[in-house]
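>
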Amino acid sequence: MNLRRFGLVTALLLGSTLGFACGETDVGECPADSTETQVRGQQLVVDRCMGCHASTLTGSDRNNAPSNLNFDDLSVVRNEGNELFEEIDAGDMPPSGPLSSADKESIRVWLACGAPDVID
7 MNLRRFGLVT ALLLGSTLGF ACGETDVGEC PADSTETQVR GQQLVVDRCM GCHASTLTGS
67 DRNNAPSNLN FDDLSVVRNE GNELFEEIDA GDMPPSGPLS SADKESIRVW LACGAPDVID
């Protein structure tokens with residue numbers, strides 16, 4: 007009985023540790039006085055992501071982007087922000103080539119601040 011309980015506890019601890027290690031990237035906190043960086047971050051998403059991730063695109067124009075992942079809907083960006091940044095940070099997106107460290111940081115800040123609509 008004790009061996010069985012030990013096995014269960016060990017499995018739970020291992021599972022929670024692996025789950026934590028495989029979790030999504032956290033975009034962190036919104037820095038104070040970051041409005042200019044947020045504008046740049048949103049503009050980068052518009053310029054570099056919405057060529058595939060826009061609700062107005064269909065079929066091959068989406069370049070295999072999932073049809074439900076449209077960044078012209080900011081609620082989608084807010085809900086998927088950590089995963090979006092993980093893909094960008096790893097260099098997996100955009101498919102046209104990885105972004106610079108400065109560009110990645112601008113997108114991270116914009117996402118950390120809640121992906122507000124800051125473009126005029």
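The sequence shown begins at 7 in our numbering and counts up one residue at a time. For each residue, glycine too, the CB sits at the ideal point set by N, CA and C. A quick note: this is a predicted structure, and the numbers were derived from the prediction, not measured.
1. Could you work out which residue in Val115, Cys55, Asp126 is closest to aspartate 98 when comparing CA atoms only?
2. With 16 other CB atoms within 10 Å as the buried threshold, where does glycine 25 fall?
3. Hey, how far is the Cα of valine 52 from the Cα of leucine 90?
4. Could you check if threonine 41 is buried or exposed, using at least 16 other CB atoms within 10 Å of its CB as the buried criterion?
5. Here's a check: name, in chain order, each residue in its chain whose Cβ is nearer than 8 angstroms to the Cβ of asparagine 88, leaving out the five neighbours to either side.
6. Are glycine 47 and isoleucine 94 touching if we call contact CB-CB under 8 angstroms?
7. How far does the alpha helix (DSSP H) with glycine 87 in it extend, from its first residue to its last?
8. Taking 7 angstroms as the limit between beta carbons, can you name the residues of its chain near glutamine 44, skipping five residues before and five after?
9. What does the alpha-carbon distance come out to for the pair glycine 65 and glutamate 86?
So, to answer that:
1. Residue Cys55 holds the alpha-carbon nearest to the alpha-carbon of aspartate 98 among Val115, Cys55, Asp126.
2. With a pLDDT of 41 at glycine 25, under the threshold of 50, the modelled position of that residue is not reliable, and no figure is offered here.
3. Using only the alpha carbons, I get a separation of about 13 angstroms.
4. With fewer than 16 other Cβ atoms within 10 Å, it is exposed.
5. Only Glu30, Thr31, Asp32, Val33, Leu117 meet the Cβ criterion.
6. Taking the C-beta atoms as reference points, isoleucine 94 is found no nearer than 8 angstroms to glycine 47.
7. 80-95 is the extent of the alpha helix (DSSP H) around glycine 87.
8. Answer for glutamine 44: Val115, Trp116, Cys119, Pro122, Val124, listed in chain order.
9. Counting only the Cα atoms, glutamate 86 lies some 22 angstroms from glycine 65.
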